[in-house]
Each structure stands twice: as structure tokens, then as C-alpha cells.
DNA sequence: CAAAAACTACCGACCGGTAGGTAGTTTTTG
DNA sequence: CAAAAACTACCTACCGGTCGGTAGTTTTTG
């Protein structure tokens, strides 16, 4: 983590996130990243120490950006089910944010050498998401059910998010919607059941 | 797809599935695969055309094996919720089957050049799983709810399976169990709700 | 204030290493 | 003995990374 971020370094980081998101860690070459940034490979080393450090810098960038995005989704909307707005934002986010695509691609199967550093950061990211969901759930149902139930729903929600991530990667938008609706319905049913509202 | 499978080719395929599962397509070298099979790299070419063909052969192997395993899980047990036994088998299967680990690793983010061939095969695999689930669901609830509801539950189940796949890859066994239980509960609640049993 | 020194960003050329793949030869085997 | 399968040796291409050097800007300093 360096102090200042010059414009030139910014261009390098933007090129890197694009290439890493498209081709993965091993598949993205420094020459390719440099070309995308409009310079030669050797010039990269004026800004970064090596490929690993570049990857980690991009990773921290992506974590910060996507973490904030998720948090804003939870703050932004209190309508609907807890965490619903975030899930419904994922499809557009996947299309728009290279950092998000980068995270999805590199988090499930990270470069072996950097496994531990990445695991830690991603863990924090998911924990924050879980905390946001749990808070929204408490706001939604109050004291209606136990901590045990809240924990279970938290696990289910995180599973739901992972499931949607997978859908983004390898099935099209139409089936993403279908899966999203199906999972939202399960979640809605279960919450309703616990709350004791029987609206049918 | 070749005609006969000699013992030597079998050893090569077994070595390949192990290496591909551990290191992915790009990360697994032909030299490594050959060494694992007890021969030199050049000798591989007595059995295979090139790396892509080897990968595809392993992929078809894995599809056949894991497809049959899944099918047997559905045939084997009619107790519990539809598809429950398969989900509960995944953790042990992940530990035991290199072919399963291979599929999980390579299906979400396949080698770019082989994308289309793989997509097709994996699609068939998931469709069969969905068919098995739908059949089990129909056996479980009879005519109790509409085709529309069955479709929705099917989407949810496939999402659940993907979610468990992700859990296998990047979180430990303990949290796998937690996620599994949470998702099973959602599914159980939803089915119970549709069937009209209110057991609380 | 101007000359010197230092710094920034870049480049072409090259290095050691490794990848997938090929050619030609020897060994194994039915 | 011939075909199959193994070997050694080698090739080209690309990888991450280093080196020496250069043009332009900024800072230091007599």
C-alpha cells in the first residue's frame, strides 16, 4: 500500500483490472497489461514492484470499491426483503464494474502463491456483507425470531449470493433472473413463516 | 472421443485429471502430467494429440462419471426432501473424487479456447440434474402443485447446488454443513408451504 | 538566475526459465 | 519381426524480470 497514486499508476491499475478480469492471473501477461495502458512492459516497473504486487494492489482497489458498493445497496433501500436490493443490483453491476468481475474471477480460484493474502481480504468482504444482511434482517423483523434463526438465514443469504455470483459467470441474464426470483421466493417464504405472517 | 482405451492411456488420463484438478488447465503442465503417469512428456503424444484433446478427454470422462454418480444418488434414496441425499453426499464426494474436483475447478472458469465445447457438456450435466430433481419432486408431492411451482423450485435447487459447489471450493467443511442445513431448511419450508402441510 | 544535479517515465534489448510440441531413435511387446 | 510406446534431444514462443540508457522535468545550489 503506497502513499500517492499518480495518474500514470492509475492508468496501469485500470489496465490491470481489465486484463486480470478477462484472462485471470496467469492468463494476463504484463506485456498485455502494459499495451492496454499504452506503454511498454519495462515501463511498468517504474510504477510497480512485480506482478504479484500489481495484482494485490488491484485486489485491494477492487475490495474497497465493491465493498462500498454493497454497503450502499443496503443503506440505499429498506423496502422489500432484507438484502433484496443488493441481489437485484448484481446483474447490472456485473455488466458495469470491471472490479466486480475481477473479484468474482479471482476469488473462487485465486493464484496459488497469493492464496492466503486474498483469502483474508475476501473473507472480510463477505463478513461485512453478512453483517449488513443481519442488520437489515433485524430491522425488518425486530425481535420476531431468535439469534439462531437469524444465523441460519444469514448462512442461507450468503449461499444465495454465491449462487448468484456463479449464475453471473456461466449462465445468461435470463436464467439469472429466473434463479434470482426463485431464491427470493424461498427466502421470502421462510422469513414469512418465521415471522408468523401467513399471507396467502 | 477415441474408440479403445488402453491401460497406458488410462494411466495418462488419471494423471491428467489429478493435475488439472489441482492446478487448472493453464497451471498443469504436460511434463507434470507425464511425470505423474510415470513417463516422459514426449511419450504422451503416443496417446494423445495435444493438450486440448487431453483436456477434453478428461472432461468427457469426468462428465460421465459424475453424471452417473448424481443419478445414482437420486435413485438410491427416496427418503427426505427431493435431492437432499445428493446435496448431503457432496462433501464426501469432493474429498473422494478427483473427477468431481476437476469439474468444479474447470467448469466455472474454463480455458478460453475450449469454452464452447465445455459449456455444452456442462449444460447437459446440469440439465440431467434438474430432470432428476424434478422427477423426485413429483414423486414427493404428486399433483400437489403446478408446473410453474415445480419450475421455480427447480431453479432454486440448481442455485442451491451451485452454492454448495462454491462452498466446497473456498470455505471449510464446517461452514459447508452450516450452509447446507440453512438451504435445506429454506427448501423444506417452501415445499411444505406449497404442499399445504403446516407442521409447526 | 542559471548551471548542475536529481528525479520521473519511458524505451529496446536481453536474460534465464518454462511452456507445448516435433523429429528421430531405441526399447518393449504381441 | 513389425508395430506400439517409450526415450533423448531439440525447437519455437512466450513468460516475468533486469539492464543500460535517454529525454524531459523538477529541485538544488553557487
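Protein chains in written order, with our numbering: chain U, -3 to 196; chain H, -3 to 196.
We put the beta carbon where it would ideally sit given N, CA and C, even for glycine.
Since residue 94 (chain H) contacts residue 31 (chain H) with CB under 8 Å, what's their CB separation in whole angstroms?
Between residue 31 (chain H) and residue 94 (chain H) the Cβ distance is about 17 Å, and since that is not below 8 Å, they are no contact.
So, does the CB of residue 57 (chain H) fall closer than 8 Å to a CB anywhere in chain U?
It does not; no Cβ of chain U falls within 8 Å.
Is it the case that the region 172 to 185 of chain H contacts the region 147 to 160 of chain U, given that we only count it when at least three CB pairs across the two stretches are under 8 Å?
As far as the Cβ criterion goes, the region 147 to 160 of chain U touches the region 172 to 185 of chain H, which means the pair count is three or higher.
Just the chain U side, please: which residues come within less than 9 Å of residue 130 (chain H) by C-beta, in chain order?
Going along chain U, no residue has its Cβ under 9 Å from residue 130 (chain H), so there is no contact; the nearest lies around 13 Å.
What does a CB cutoff of less than 6 Å around residue 61 (chain U) pick up in its chain, not counting 5 residues either side in sequence?
So the qualifying residues of the chain are 95.
Please classify residue 140 (chain U): does DSSP put it in a helix, a strand, or coil?
The answer is coil: DSSP assigns residue 140 (chain U) none of H, G, I, E or B.
Who are the neighbours of residue 159 (chain H) on chain U, taking C-beta pairs under 8 Å?
The contacting residues are 155, 156, 158, 159 and 162.
Could you give the distance in angstroms between the alpha-carbon of residue 38 (chain H) and the alpha-carbon of residue 29 (chain H)?
The straight-line gap from Cα to Cα measures roughly 11 Å.
Would you say residue 120 (chain U) faces chain H, with C-beta separation under 8 Å as the test?
So no, residue 120 (chain U) is outside the interface.
Using the rule of at least 16 other Cβ atoms within 10 Å of the residue's Cβ for burial, across every protein chain shown, is residue 192 (chain U) buried or exposed?
Looking at its Cβ environment, which holds fewer than 16 other Cβ atoms inside 10 Å, residue 192 (chain U) is exposed.
Cβ of residue 41 (chain H) within 8 Å of Cβ of residue 102 (chain H)?
No, Cβ-Cβ distance for residue 41 (chain H) and residue 102 (chain H) is not below 8 Å.
For residue 185 (chain U), return the contacting residues in chain H, with the cut-off set at a CB-CB distance below 8 Å.
Correct list: 182, 185, 186 and 189.
Just to confirm before moving on: does the CB-CB distance between residue 12 (chain H) and residue 50 (chain H) stay below 8 Å?
The answer is yes: Cβ separation under 8 Å.
Starting from residue 40 (chain H), trace the alpha helix (DSSP H) in both directions and tell me its first and last residue.
Residue 40 (chain H) -> no alpha helix (DSSP H), and no H or E assigned at all.
Please return the same chain residues whose Cβ sits closer than 7 Å to the Cβ of residue 189 (chain H), not counting the five positions on each side in sequence.
Nothing listed; no residue qualifies.
From which residue to which residue does the alpha helix (DSSP H) around residue 26 (chain H) run?
Element bounds for residue 26 (chain H): 26 to 33.
Please classify residue 168 (chain U) as buried or exposed, where buried requires at least 16 other C-beta atoms within 10 Å of its C-beta.
Residue 168 (chain U) is exposed by the Cβ-count criterion.
Where does the unbroken alpha helix (DSSP H) through residue 1 (chain U) begin, and where does it stop?
No alpha helix (DSSP H) holds residue 1 (chain U); DSSP gives it neither H nor E.
Hey, residue 114 (chain U) and residue 183 (chain U): beta-carbon distance below 8 Å or not?
Taking 8 Å as the Cβ cut-off, residue 114 (chain U) and residue 183 (chain U) do not qualify as a contacting pair.
Run through chain U and tell me which residues come within less than 7 Å of residue 101 (chain H), C-beta to C-beta.
Within chain U, the residues near residue 101 (chain H) are 105.
In angstroms with no decimal places, state the Cα-to-Cα distance between residue 7 (chain U) and residue 48 (chain U).
If you take the alpha carbons of residue 7 (chain U) and residue 48 (chain U), they lie about 17 Å apart.
DSSP state of residue 126 (chain U), grouped into three classes?
Helix, per DSSP.
Would you call residue 181 (chain U) buried or exposed, if buried means 16 or more other Cβ atoms sit within 10 Å of its Cβ?
Per the 10 Å Cβ criterion, buried.
What is the DSSP secondary structure of residue 78 (chain H), reduced to helix, strand or coil?
Coil.
Can you find the residues in the same chain that come closer than 7 Å, C-beta to C-beta, to residue 133 (chain H), ignoring five residues on each side of it along the sequence?
Result list for residue 133 (chain H): 78, 146 and 149, in chain order.
State the start and end residues of the unbroken alpha helix (DSSP H) segment that holds residue 167 (chain U).
From DSSP, residue 167 (chain U) is part of no alpha helix (DSSP H); its letter is neither H nor E.
Could you tell me whether any Cβ in chain H is nearer than 8 Å to the Cβ of residue 165 (chain U)?
Chain H contact via Cβ: present.
Rounded to a whole number of angstroms, what is the C-alpha to C-alpha distance between residue 143 (chain H) and residue 128 (chain H)?
Taking the straight line joining both Cα atoms gives about 15 Å.
Nearest-angstrom Cα distance between residue 105 (chain U) and residue 165 (chain H)?
Roughly 8 Å between the two C-alpha positions.
Name the chain U residues whose beta carbon is nearer than 7 Å to that of residue 151 (chain H)?
In chain order: 174, 175 and 178.
Which value, in whole angstroms, describes the spacing of the CA atoms of residue 75 (chain H) and residue 68 (chain H)?
Near 14 Å, if we compare the C-alpha coordinates of residue 68 (chain H) and residue 75 (chain H).
In chain order, what residues of the same chain have a beta carbon less than 6 Å from the beta carbon of residue 137 (chain U), not counting five sequence neighbours either side?
Within the same chain, residue 137 (chain U) has close Cβ partners 191.
Identify, in the order they occur along the chain, each residue of the same chain with its Cβ nearer than 7 Å to the Cβ of residue 98 (chain U), setting aside the five sequence neighbours on each side.
Closer than 7 Å at Cβ, skipping near neighbours: 13, 16, 17, 54 and 58.
Quick check: the Cα distance between residue 84 (chain H) and residue 4 (chain U), rounded to an integer number of angstroms?
One C-alpha to the other measures close to 51 Å.
Using only CA atoms, which one of U:33, U:44, U:110 and U:124 lies nearest to residue 70 (chain U)?
Taking only the C-alpha atoms, the option nearest residue 70 (chain U) is U:124.
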